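Which chain is which? The protein sequence lines are P and G, in order.
The first sequence runs 1 to 417 under the UniProt record's numbering.
The second sequence runs 1 to 417 under the UniProt record's numbering.
In this text, a Cβ means the ideal position worked out from N, Cα and C, and glycines have one as well.
The model shown is predicted, which means the values in this text are computed figures rather than measured ones.
Let me begin by presenting the structure, written as structure tokens, before commenting on it.
2 protein chains.
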Amino acid sequence: MTSTSHTPRRPSAAAGRVDQAQMRAANMALILRHLRAHGGRSRARLAAETGLSKATMSSLISDLAERGLVREGQLHRAGTVGRPGLTVELDGRRVCGLGIEINVDYVALAAVDLSGTVIRESSTPVDVPRLPVDAVLDRVATLVNRMLDSIREAGLIVAGLTVSPPGVIDYAAGSVRFAPNLGWRNVPIVAELADRIGPDVPPIHLENDAKLGAVAEYAAWAPEGVSDLLYLSGDVGVGAGIIAEGRLIRGWSGFSGEVGHLPLDPEGRQCGCGRTGCWETIVGLSALLRLAAPEDDEVQDPTRPLEDRLHTLHTRADAGDERTLAALRQITDDLARGLSVLVDVLNPEVIVLGGYFAFFGDYLLEPLGAALAERRMDEGSGARLVVSRLGISSTARGGAIVALEDVFDNPTLIDTH
Amino acid sequence: MTSTSHTPRRPSAAAGRVDQAQMRAANMALILRHLRAHGGRSRARLAAETGLSKATMSSLISDLAERGLVREGQLHRAGTVGRPGLTVELDGRRVCGLGIEINVDYVALAAVDLSGTVIRESSTPVDVPRLPVDAVLDRVATLVNRMLDSIREAGLIVAGLTVSPPGVIDYAAGSVRFAPNLGWRNVPIVAELADRIGPDVPPIHLENDAKLGAVAEYAAWAPEGVSDLLYLSGDVGVGAGIIAEGRLIRGWSGFSGEVGHLPLDPEGRQCGCGRTGCWETIVGLSALLRLAAPEDDEVQDPTRPLEDRLHTLHTRADAGDERTLAALRQITDDLARGLSVLVDVLNPEVIVLGGYFAFFGDYLLEPLGAALAERRMDEGSGARLVVSRLGISSTARGGAIVALEDVFDNPTLIDTH
């Protein structure tokens with residue numbers, strides 16, 4: 001079974017009559033999400049906090065344990081009085097999600113288990129623009145199957161896959177509508193990958209890289225109490241992932257965060273999307289390379305790995321190379337302009353810079369922070385600016401987390417042992 | 001008791017140990033919100049849909065009914081089989097919220113009951129910029145007390161007030177930090193109004209006009225299945241209220257939607273906020289008046305009621321006056337640029353134009369829609385553009401709805417009869 005839908009997140013309780021099994025599943029989901037949000041706790045406390053009776057709680061916990069989704073662990077003492085009890089906690093040993101990022105020059109995979117632990121990660125150079133679509137999909141399927149085998153051999157169930165393709169997603173059709181940097185058009189990627197992965201393919205979702213980056217970063221920031229976060233991906237394309245009050249804001253048709261195409265270039269350069277003056281034409285990776293070096297410079301050579309080229313540029317900046325430094329200053333100014341728009345619209349508490357922005361964080365963060373502070377409307381409206389610490393894996397990790405959502409919505413998707 | 005806080009929306013169940021009374025209150029809140037979202041239904045269905053036992057449900061419904069928050073009404077038949085049962089529904093007869101908008105030249109009030117019905121509305125011309133702050137607050141308190149008296153005489157409890165002041169809110173302090181169009185600075189409006197309204201003052205919240213406009217518009221659109229909506233207020237200032245997946249997005253410190261100050265004017269005019277090039281300097285009401293008529297024209301006379309001046313302009317446009325039409329075309333172009341930014345960032349399904357934009361909807365909607373369609377990234381990402389049908393009362397109505405949120409979060413705030 002494959003699926004591209006993200007919609008049926010909420011149990012359909014409200015829609016009509018609910019039978020006993022649906023009600024049970026919805027309450028199991030409630031327990032699972034409560035444990036994820038607040039950590040392990042006793043049955044008694046879970047019952048009190050969720051409003052379910054102790055008898056119901058007991059039965060649901062047994063059911064969840066039989067499915068391998070929770071376990072009873074350490075003794076704990078609730079407060080200062082009463083006898084110590086067993087803590088119920090998420091069990092990461094049985095179920096995981098898999099995220100797959102197809103980027104311009106690599107394919108990254110990550111598997112995250114139910115308790116949020118990253119259990120597998122890989123990144124493989126793939127020269128996507130120079131390969132036929134079929135060859136790319138073959139390669140991706142091979143990588144996925146290799147990881148699926150390794151995870152399944154270790155005894156885990158893969159609840160779902162989330163693929164992040166490098167282009168505009170048609171969520172309803174499960175396809176990539178177009179990918180300007182790759183020349184892809186109307187690639188039915190879900191069906192094609194499902195065919196190649198074979199009969200045991202888990203449900204496949206599609207989601208864009210910036211949204212998945214935001215999900216992965218949010219997983220790291222939520223424990224610190226942050227609930228409004230903006231993630232900015234920095235590649236040839238630039239996109240934003242928006243977390244508001246702890247939830248990913250997808251927009252009504254999944255097109256939120258298309259900030260790379262904000263009209264912010266007064267010179268109105270042509271963009272791959274068909275518009276002119278798009279923000280990514282002045283702050284995307286191509287803009288940095290163009291500003292920092294002549295066309296025949298080694299950093300512009302697409303056959304060299306991107307990381308090496310960025311390293312070269314960083315070394316030049318460290319050595320005081322004026323053209324590189326001027327390029328970074330220009331990028332900073334243009335980044336500040338767009339970030340200031342996003343701050344005005346969204347008022348995030350934390351802005352996480354990803355992609356190549358993170359790589360040049362030591363040059364960008366301070367002047368960007370100063371520029372944003374200067375434009376701040378009110379002392380209470382400033383955002384904290386940081387760089388991603390997840391690096392290249394953030395999209396794939398976010399994909400793995402999103403792939404687990406189905407289980408958090410309906411734990412009965414996972415059969416008992 | 002007064003309060004400016006909007007934070008404790010969610011029952012604090014998760015924070016620690018929860019006693020019986022808190023759990024009961026949380027479950028009563030669950031029932032109340034369920035009835036609001038999905039309409040009246042039988043006890044049996046409510047029990048099935050919320051996961052609460054029938055015995056618990058019965059006890060909670062009785063409790064809610066004693067507080068006058070729900071009632072059992074019409075017979076209904078669930079599906080085609082089984083005996084008909086009584087429908088439990090929200091009871092609007094006992095509790096309402098009150099919204100108060102202090103604008104530049106009027107004060108509007110609206111009361112909305114628990115079932116969503118508008119039970120009182122008023123709008124009073126007040127020349128706010130020419131009056132001392134104290135005199136304005138006296139006037140507002142008099143208007144509020146008059147409405148409070150009338151509502152209480154009718155036997156209703158006013159659960160809370162939401163005030164929308166015409167300036168930047170300091171949520172924590174309950175004050176208006178500054179209101180450039182009025183010359184107000186650091187006005188502790190919650191405390192001042194509470195003093196004036198007297199000992200029976202309900203809790204007072206503060207919220208900005210665009211956010212409240214969005215809440216009011218959303219109440220009208222939600223029944224049609226819309227969950228992602230953007231409301232654009234159009235006055236001297238311009239602001240956005242964002243509803244995403246059915247929830248008001250406030251930003252981490254309440255400063256989301258400050259779109260009037262997006263840097264969208266290439267000529268960089270000075271704005272009241274201290275920045276230059278702000279969007280509202282080219283699409284706000286002052287821009288329309290400046291573009292449409294010379295300084296000594298009657299439409300620029302601040303002593304004439306705004307509605308009359310807008311009527312004059314509209315009549316000129318209808319008569320084919322070239323300057324007025326050119327002004328509207330210019331506003332359309334500049335509005336399209338900013339709306340396109342908001343569409344790229346937020347991907348709303350519906351954009352509701354409020355304030356003077358709504359007044360000129362017959363001139364703005366069609367060309368704006370065409371301009372947005374032209375910039376659309378993807379056929380699936382377009383937004384539906386409409387004008388507000390709530391008119392001047394949308395902010396006050398939204399305030400009344402927000403003032404009721406405390407009851408939906410904790411129904412035990414309302415005592416039994």
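Pair within 9 Å by beta-carbon distance, residue i and residue j
| i | j | result |
| --- | --- | --- |
| valine 226(G) | glycine 260(G) | no |
| valine 95(G) | leucine 60(G) | no |
| valine 387(G) | leucine 335(G) | no |
| glutamate 217(P) | valine 352(P) | yes |
| isoleucine 331(P) | phenylalanine 360(P) | yes |
| threonine 117(G) | glycine 40(G) | no |
| aspartate 228(P) | valine 350(P) | yes |
| proline 263(G) | valine 136(P) | no |
| leucine 30(G) | glycine 51(P) | yes |
| alanine 220(P) | leucine 390(P) | yes |
| glutamate 101(P) | glycine 354(P) | no |
| valine 126(G) | valine 144(G) | no |
| leucine 150(G) | serine 381(P) | For the record, residue 150(G) in the displayed sequence is serine; it is not leucine. It is not a contact, given that the beta carbons lie outside the stated cut-off. |
| glutamate 405(G) | arginine 247(P) | no |
| leucine 325(P) | alanine 317(P) | yes |
| arginine 375(G) | arginine 275(P) | yes |
| leucine 289(G) | leucine 313(G) | yes |
| arginine 33(P) | phenylalanine 408(P) | yes |
| arginine 323(G) | alanine 293(G) | yes |
| isoleucine 90(G) | leucine 114(G) | Rather than isoleucine, the amino acid found at residue 90(G) in this sequence is leucine. Taking 9 Å as the Cβ cut-off, leucine 90(G) and leucine 114(G) qualify as a contacting pair. |
| arginine 177(G) | aspartate 138(G) | no |
Straight-line Cα distance separating residue j from residue i
| i | j | result |
| --- | --- | --- |
| isoleucine 189(P) | serine 233(P) | 22 Å |
| histidine 205(G) | leucine 230(G) | 22 Å |
| glycine 213(P) | alanine 110(G) | 43 Å |
| arginine 152(P) | proline 203(P) | 16 Å |
| asparagine 181(G) | valine 107(G) | 15 Å |
| valine 112(G) | alanine 396(P) | 47 Å |
| leucine 372(G) | cysteine 278(P) | 15 Å |
| arginine 45(G) | aspartate 362(G) | 46 Å |
| glutamine 20(P) | histidine 38(G) | 20 Å |
| phenylalanine 357(P) | aspartate 321(P) | 19 Å |
| glycine 183(G) | proline 129(G) | 7 Å |
| isoleucine 243(P) | proline 348(P) | 8 Å |
| arginine 384(P) | glycine 369(P) | 8 Å |
| glycine 73(G) | alanine 55(G) | 20 Å |
| valine 236(G) | alanine 179(G) | 12 Å |
| glutamate 298(G) | aspartate 105(G) | 17 Å |
| aspartate 168(G) | asparagine 208(G) | One point to set straight first is that residue 168(G) is valine, not aspartate, in the sequence displayed. Using only the alpha carbons, I get a separation of about 8 Å. |
| threonine 142(G) | proline 165(G) | 16 Å |
Cβ-Cβ separation, residue j to residue i (assumed contact under 8 Å), whole Å
| i | j | result |
| --- | --- | --- |
| methionine 23(G) | arginine 43(G) | Between arginine 43(G) and methionine 23(G) the Cβ distance is about 19 Å, and since that is not below 8 Å, they are no contact. |
| isoleucine 157(G) | isoleucine 414(G) | 6 Å |
| serine 175(P) | valine 187(P) | 6 Å |
| methionine 28(G) | proline 411(G) | 4 Å |
| glutamate 66(G) | histidine 417(G) | 6 Å |
| alanine 159(P) | glycine 97(P) | 6 Å |
Start and end residues, alpha helix (DSSP H) containing residue i
| i | result |
| --- | --- |
| asparagine 208(P) | Unbroken run through asparagine 208(P): none, as it is neither H nor E. |
| alanine 396(G) | 394–403 |
| serine 286(G) | 285–292 |
| alanine 135(G) | 133–153 |
| alanine 317(G) | 306–318 |
Start-to-end residues for the beta strand (DSSP E) that takes in residue i
| i | result |
| --- | --- |
| aspartate 195(G) | No beta strand (DSSP E) contains aspartate 195(G), which is instead part of the alpha helix (DSSP H) from 189–197. |
| aspartate 170(G) | 168–170 |
| threonine 162(G) | 157–164 |
| serine 123(G) | 118–125 |
| alanine 326(G) | Run containing alanine 326(G): none in the beta strand (DSSP E); it sits in the alpha helix (DSSP H), 322–346. |
| arginine 389(P) | Per DSSP, arginine 389(P) belongs to no beta strand (DSSP E) and is neither H nor E. |
| alanine 179(P) | 175–179 |
Handout entry: Length-filtered (3 minimum) beta strand (DSSP E) runs lying within the region 25–108 of chain P
Key = 70–76, 85–90 and 95–102
Problem - alpha helix (DSSP H) segments (min. 4 residues) lying fully within the region 350–374 of chain G - result: 355–359
Practice task
Let me know the beta strand (DSSP E) ranges lying completely inside the region 224–265 of chain P, each 3 residues or longer, listed in chain order.
Solution key: 229–234 and 238–244
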